[in-house]
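K.L.:
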Amino acid sequence: MDIGSLITKVYKYKQVLENTHKFREEWNVDIKPMLEKTLGEIILQASLPKASVIIRDNIDNLESIVLDLGRSSSGISESIDDSGVKRTMIKSNGSLIYQQLFNGKIIVMIISPHIEGYGQPKPPTTIEILRPDELKAPFIIRHMELFLKDITEWEDFDDDQPQKSNTIGFNPTGFTPEEAAQ
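See the structure below:
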């Protein structure tokens with residue numbers, strides 16, 4: 123019986139299991155302190171308002187380090203009744219998240235700002251998944267740039283950006299949108 127290819131697959135499986143153990147150790151020894159320090163320095167140097175680094179470590183090996191911009195009043199309030207009582211809507215200002223996955227790799231996500239009670243929040247946007255040895259300070263700066271681009275675009279929302287057409291069916295003009303624009 124020839125099980126050569128099966129043995130190769132078993133070897134690969136064992137390596138993946140070893141990597142998970144190694145990645146989890148690297149998170150605790152190197153990555154977690156480096157993220158705390160680097161994100162803290164970015165907050166100080168950039169003078170990011172209301173920003174803080176939050177460590178979520180209540181579940182072993184699924185920990186996360188979050189750069190959180192906190193919550194604030196949205197400036198929008200809802201009248202409750204005719205008595206003049208108003209309910210202020212709270213704005214979550216957004217977060218950049220570094221979270222361990224089940225296999226020890228690190229997922230980097232952005233949570234866009236949203237106003238509670240006003241529409242649905244966008245689901246988190248995944249930037250990338252990295253092995254611990256791939257996560258270096260230049261990556262964190264790039265992640266921060268993407269995060270700042272996202273929250274700035276959210277705050278500056280308007281209709282100046284062309285919207286994608288979701289038209290279903292035939293085109294009654296016979297022109298593509300690009301041809302019609304000319």
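Position 58 of the sequence shown, counted from 1, bears residue number 180 in the numbering used here, the numbering being contiguous throughout. Ideal placement from N, C-alpha and C gives every residue a C-beta, glycine not left out. Given the structure is predicted, the values throughout are model-derived calculations rather than measurements.
(1) Excluding the five sequence neighbours on either side, which residues of its own chain have a C-beta within less than 8 Å of the C-beta of Val207, listed in chain order?
(2) Below 8 Å, can you find three or more Cβ-Cβ pairs linking the region 144-164 to the region 252-259?
(3) How long is the line joining the alpha carbons of Met211 and Glu185, rounded to whole angstroms?
(4) To the nearest angstrom, how far is it from the Cα of Leu157 to the Cα of Ile187?
(5) What residue ranges within the region 195-242 form continuous beta strand (DSSP E) runs of no fewer than 3 residues, ordered along the chain?
(6) Measuring CB atoms only, is the region 125-145 touching the region 216-233, in the sense that at least three cross pairs come out at less than 8 Å?
(7) Beta strand (DSSP E) containing Asp190: first to last residue?
(8) I want to know whether the region 168-177 touches the region 190-197 - three or more CB-CB distances under 8 Å.
(9) Would you please state the rounded distance, in angstroms, between the beta carbons of Met231 and Pro246? I believe it to be under 8 Å.
(10) How should Lys154 be labelled, buried or exposed, when 16 other C-beta atoms within 10 angstroms of its C-beta is the threshold for buried?
(11) For Glu250, list the residues DSSP reports as bridge partners.
P.N.:
Considering the structure as presented:
(1) Start at 1 with the first residue of the sequence shown, and residue 207 comes out as number 85. Same-chain partners within the cutoff: Ser201.
(2) yes
(3) On the sequence shown, position 89 is the one that residue 211 refers to. On the sequence shown, position 63 is the one that residue 185 refers to. The straight-line gap from Cα to Cα measures roughly 30 Å.
(4) Your numbering for residue 157 matches position 35 in the sequence shown. Your numbering for residue 187 matches position 65 in the sequence shown. Approximately 7 Å between the Cα atoms of the pair.
(5) 208-214, 217-222, 228-233
(6) yes
(7) As a working note, residue 190 is residue 68 in the sequence shown. Taken as a continuous stretch (DSSP letters only), the beta strand (DSSP E) holding Asp190 covers 186-190.
(8) yes
(9) Residue mapping note: residue 231 aligns to position 109 of the sequence shown, counting from 1. Residue mapping note: residue 246 aligns to position 124 of the sequence shown, counting from 1. Yes, they are in contact, since the Cβ atoms of Met231 and Pro246 sit about 4 Å apart, within 8 Å.
(10) For the purposes of this step, residue 154 is taken as residue 32 along the sequence shown, with counting starting at 1. Label assigned to Lys154: buried.
(11) For this step, residue 250 is matched to residue 128 along the sequence shown. Its beta-bridge partners are Val230.
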